[in-house]
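In my numbering, the protein residues as written are 28 to 145.
Backbone N, C-alpha and C define an ideal beta-carbon position, used for all residues, glycine too.
As structure tokens, then:
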């Protein structure tokens with residue numbers, strides 16, 4: 028009789044934001060920094076949740092907020108587009124992703140978008 032022991036470490040869920048470039052597509056080689064300077068007219072952001080189990084279609088719930096205001100029109104979307112306003116300032120984007128089938132799988136991420144007046 029032989030025995031084998033294996034240590035399996037747990038990993039916490041993590042959300043990474045990536046840019047979806049209109050010419051090159053998803054830029055998975057580098058994630059967006061937590062403070063992003065928006066120089067172009069719009070930014071398409073793709074949210075990738077890592078270390079979460081997706082048991083069936085629609086099991087992950089995406090809840091976006093812009094400047095602490097709920098945005099139900101973005102609910103369930105992994106990709107969102109932010110357009111540059113006419114004034115200078117910044118917007119705080121937060122995302123909560125939770126697994127509807129596994130209550131202990133969830134994570135929050137935030138992205139600060141800074142923009143200058145044209």
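Residues in its own chain within less than 7 Å of residue i by CB, not counting five upstream and five downstream?
i: residue 80; result: 126, 129 and 132
Excluding five sequence neighbours on each side, which residues of the same chain lie with their C-beta closer than 6 Å to the C-beta of residue i?
i: residue 48; result: 54
Need the endpoints of the beta strand (DSSP E) that residue i sits in, please.
i: residue 110; result: 106-110
i: residue 118; result: 116-126
i: residue 138; result: 133-142
Sort the options by Cα distance to residue i and report the nearest one.
i: residue 72; options: 134, 107, 31 and 140; result: 107
i: residue 17; options: 104, 109, 56 and 65; result: This structure leaves residue 17 out entirely; the chain is present only between 28 and 145.
i: residue 102; options: 59, 58 and 89; result: 89
i: residue 136; options: 44, 56 and 31; result: 44
Skipping 5 residues on each side, what residues in its chain have a beta carbon closer than 8 Å to that of residue i?
i: residue 87; result: 76, 79, 81, 124, 125, 126 and 127
i: residue 67; result: 111
i: residue 63; result: 70, 138, 139, 140 and 141
Taking contact to mean at least 3 C-beta pairs separated by less than 8 Å, is the segment 113-124 in contact with the segment 86-95?
-> Contact between the segment 113-124 and the segment 86-95 is present, with at least three C-beta pairs closer than 8 Å.
Can we say the segment 31-40 touches the segment 59-75, given the rule of at least three CB pairs closer than 8 Å?
-> Contact fails: fewer than three Cβ-Cβ distances are below 8 Å.
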